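Data first, discussion second: the structure below is written as structure tokens.
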Amino acid sequence: MILTTIVLVLVTNLATYSLATGTIPWTGIRWGTGQFNVGTLQDSARLRDVYQLLLTRYIEPVDGHDLIEGALKGMAEAVGDPYTFYMDPQAYEEWDITLVGEYVGVGMVVEQIGDYVTVVSPMRGSPAERAGLRPKDRIVAVDGKDVTRVPSEIVAALIRGEKGTQVTLTIARGPEEDEERFDVTLTRELIILESARSVMLYPSEGIGYLQITDFSRKTVEQFDAALADLRSRGLKALVLDLRNNGGGLLDVCTTLAGNFVGEGVILQRIGRDGNPNVVSGSGKEPLGVPLVVLVNEGSASASEILAGAIQDNGVGTLVGTVTFGKGLIMTPYELGGGSVLTVTTERWLTPNGEHITNKGITPDVVVELPEVGLDEEPLSWDDPDDPRDTQLRRALEILRDALAQGNEG
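Letter 264 of the sequence shown, counting from 1, is numbered 265 in the numbering used here, and no numbers are missing.
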């Protein structure tokens, strides 16, 4: 799972769940009957006793709400699955941003690195980019409030706000022993997360490039527009870039897959009963041009579903490195009050029946990126003239060979 403040992984359809009937007075938790069991009376009594002892006997005052939150997190962690977890309302708000596809803020991806929330990349055309913020800039304060060692989700919440309002960030740039500190004031805007974009790499040859960064609620609309633009420019061959795509919504993934596999099988879903549920394409007209899909170890979950469907249906060539290996489907259940429990509810197999968890999908053509030069300046991904992007360059060779064979035929 890729965890940054903006990008999180999910392969699921949002579901709603509520615990109905019965209240335990000492907590206010509503326990269900039939569908949900506390366990034996002895277990219930121990849970009650721990709560009451901590609340009344601990040396310092204890917040009962915090105890309940801890118990909920602990129950989720007890199953031993990192993809089954409890989120309080604030954590869920952060987690949901990438699925919604838009928010009001300054437009940058950040992550926690040591004591500081650090800029990973400003988004194109955003207030952060216009203000000149750069990757590796460290956020020291927000509106004068020191945020050193403050979790990234809290810092992100401080930066977001109402459209048209301003926020001042104190930025540290450069090595800590010789850093430059300065303030920058940005005006918050509606940020539309761009999850699909395209460019015609070689117009004379009709070779296009389409990148999908995640599968959010706006991805289908953005993908359709990006593909339509390439077709209007005379698309004859396509590079589909799924590198560092950590996943997203399952229904979005299967919708997009139909553009490549038509009515072919996309995946098999297997729940607790062990019976496979075959998911096929919607019958869209397949792309119909030579296709190369770029993948790497950051391609996970929903992006692996799409890559596996393309590979097993024989409609494209996978190039890059072995993918992440997450063959699981998670379902979020709303618990009330804005909190959510995300549960691994299914496994999925490729059309050919392969379970890829912990082993990933091996590309048809394995190409490693060079180890030198990438730390100083990250790849732009869609620059065919960058000699470091050996994966894109190999993809172009494959597409040109396919176009040449087509012309000969």
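We treat Cβ as the ideally placed atom computed from N, Cα and C, and that holds for glycine.
Since the structure is predicted, the reported quantities are computational estimates derived from the model, not experimental observations.
Any contact between the segment 345-363 and the segment 296-311? By contact I mean 3 or more CB pairs, one from each, below 8 Å.
Output reads yes: the segment 296-311 touches the segment 345-363.
CB-CB under 7 Å to A77, same chain, minus the five flanking residues each way: which ones, in chain order?
Excluding sequence neighbours, A77 sits near T85, F86, Y87, L342.
Sorted by chain position, which residues of the same chain lie with C-beta nearer than 7 Å to V316's C-beta, five sequence neighbours on each side aside?
Cβ neighbours of V316 beyond the five flanking positions: F261, V262, P287, L292.
P352 burial status per 10 Å Cβ neighbour count (16 or more: buried)
Flag for P352 reads buried.
Can you tell me the Cβ-Cβ gap for G108 and A129, rounded? I've got them flagged as a contact below 8 Å.
Between A129 and G108 the Cβ distance is about 5 Å, and since that is below 8 Å, they are a contact.
How would you label K327, buried or exposed, when you count the other beta carbons within 10 angstroms and need 16 or more for buried?
Looking at its Cβ environment, which holds 16 or more other Cβ atoms inside 10 Å, K327 is buried.
Measure the C-alpha to C-alpha separation of V10 and D144 and round it to an integer number of angstroms.
Residue placement at V10 is flagged as unreliable, the pLDDT there being 31, under the threshold of 50; a coordinate-derived value is accordingly withheld.
Rounded to a whole number of angstroms, what is the C-alpha to C-alpha distance between L329 and P83?
If I take the Cα positions, the gap works out to 11 Å.
K219 in three-state terms, based on DSSP
Reduced to three states, the DSSP call for K219 is coil.
Measuring alpha carbon to alpha carbon, tell me which residue in V366, D50, R348 is nearest I324.
As written in the sequence, residue 324 is Thr, which differs from the Ile given in the question. Nearest C-alpha to T324: V366.
Simplified DSSP state of N260, which is helix, strand or coil
Annotated three-state conformation of N260 is helix, per DSSP.
Take every Cβ of the segment 270-277, pair it with every Cβ of the segment 221-234, and state whether three or more of those distances are shorter than 8 Å.
With a cut-off of 8 Å, the segment 221-234 and the segment 270-277 do not count as touching, because too few Cβ pairs lie within range.
Indicate the three-state DSSP secondary structure (helix, strand or coil) for A158 in the structure shown.
Taken through DSSP and simplified to helix, strand or coil, A158 comes out as helix.
Determine contact between the segment 235-254 and the segment 392-404, defined as no fewer than three beta-carbon pairs at a distance below 8 Å.
Three or more Cβ pairs drawn from the segment 235-254 and the segment 392-404 lie within less than 8 Å of each other, which places the two stretches in contact.
Range covered by the beta strand (DSSP E) that runs through E112:
Unbroken beta strand (DSSP E) run through E112: 109-114.
Classification of V266 by the beta-carbon crowding that lies within 10 angstroms, buried from 16 upward
Buried, because 16 or more other Cβ atoms sit within 10 Å of the Cβ of V266.
Here's the rule I'm using: 16 or more other beta-carbon atoms within 10 Å means buried, otherwise exposed. How should N408 be labelled?
Label assigned to N408: exposed.
Can you find the residues in the same chain that come closer than 8 Å, C-beta to C-beta, to L211, ignoring five residues on each side of it along the sequence?
Here the set comprises A197, R198, S199, F224, A227, L228, L231, L239, V240, L241, D242.
Give me whichever residues DSSP pairs with T186 in a beta bridge.
DSSP output for T186 lists T169 as bridge partner(s).
Is the CB-CB distance between L191 and K164 below 8 Å?
Result yes, Cβ atoms of L191 and K164 sit closer than 8 Å.
Would you check if the distance between the CB atom of V296 and the CB atom of R244 is smaller than 8 Å?
Result yes, Cβ atoms of V296 and R244 sit closer than 8 Å.
Given this structure, state the Cα-to-Cα distance separating L319 from T391, to the nearest angstrom.
Rounded to the nearest angstrom, the two C-alpha atoms are 14 Å apart.
Helix or strand or just coil, what does DSSP make of Y87?
Here Y87 sits in strand by DSSP.
Determine the DSSP secondary structure at E347, reduced to helix, strand or coil.
E347: strand per DSSP, three-state reduction.
Look at the alpha carbon of I60 and the alpha carbon of C254, and state the distance between them as a whole number of angstroms.
Their Cα atoms are separated by approximately 52 Å.
Once you ignore the five residues that flank Q113 on each side, which residues in its own chain have a CB closer than 6 Å to its CB?
S153, listed in sequence order.
Could you pull the start and end residues of the alpha helix (DSSP H) that A308 belongs to?
Membership of A308 in the alpha helix (DSSP H) is indicated by the continuous run 303-313.
Span of the beta strand (DSSP E), counted from its first residue to its last, around I208:
Unbroken beta strand (DSSP E) run through I208: 208-213.
Once DSSP output is grouped into helix, strand and coil, what is the label at R139?
R139 falls in the strand class under three-state DSSP.
Rounding to the nearest angstrom, what Cα-Cα distance links D184 and T169 in this structure?
D184 and T169 have their C-alpha atoms spaced approximately 7 Å apart.
What are the partner residues of A238, as DSSP defines its beta bridges?
The bridge partners DSSP lists for A238 are I208.
Reducing DSSP to helix, strand and coil, say where A197 ends up.
DSSP places A197 within a strand segment (E or B) once states are collapsed to three.
Tell me whether L295 sits in a helix, a strand or coil according to DSSP, three-state version.
Of the three classes helix, strand and coil, the one that applies to L295 here is strand, per DSSP.
For the candidate residues A258, E335, S340, whose alpha-carbon lies nearest to that of G309?
Of the candidates A258, E335, S340, the residue whose Cα lies closest to the Cα of G309 is A258.
Taking its Cβ as the centre, do 16 or more other Cβ atoms sit within 10 Å of Q406, making it buried, or is it exposed?
Residue environment analysis places Q406 among the exposed positions, since fewer than 16 neighbouring C-beta atoms fall within 10 angstroms of its C-beta.
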